[in-house]
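A quick write-up on the structure given underneath.
Residue numbers (the working numbering): 4 to 170.
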């Protein structure tokens, strides 16, 4: 299994003395109309596609209550929710052809891992300048609350997965 290495761990100052440590994992899969092109020189000629599919995860200390206040992908804000998942998080390596090969998105962990489920786009402009700067500098940013303490989970660059066909 290949661990894609798109993990970034960031701790941001919060109101309490010891802010929680968050790990964030971020991937996207382009959904192309028809059959995806084979990897190679011609694959660089991207056809316009459908909105990408995002695979976003945060890892927090075990046993607490976690929620997401907002999430941003490439500067666009979304309503969001968290869904607890078991680790490791695996997906098919090739979404178009079942090969039995899996990609590891999140390795096995003793911590609690949540998938960030994006909702509708929303107007977003955090009042906190530090949060706005995180959104501008990273592909993924989310404000996570764990046991009444706020912290930010960020991924500098989302890792691209192999595209899949869409309708």
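Positions of the beta carbon are idealized from the N, C-alpha and C atoms, including for glycine.
Taken in chain order, the whole beta strand (DSSP E) runs of length 3 or more contained in the segment 110-158 are 115-125, 143-149 and 152-158. Spatial neighbours of residue 156 in its own chain (CB-CB distance under 6 Å, excluding positions within 5 residues in sequence) are listed in chain order as 25, 27, 61, 145 and 147. Counting along the chain, residue 64 sits inside no beta strand (DSSP E), nor does DSSP assign it H or E at all.
DSSP places residue 36 in the uninterrupted beta strand (DSSP E) bounded by 25-36. The Cβ atoms of residue 75 and residue 168 lie no closer than 8 Å to each other. Between the alpha carbons of residue 90 and residue 105 lies a distance of about 13 Å. Relative to residue 93, the option among 139, 31, 134 and 110 whose CA is nearest is 110. The secondary-structure analysis by DSSP pairs residue 100 with nothing; it has no beta-bridge partner.
One Cα belongs to residue 97, the other to residue 124, and the distance between them is close to 28 Å.
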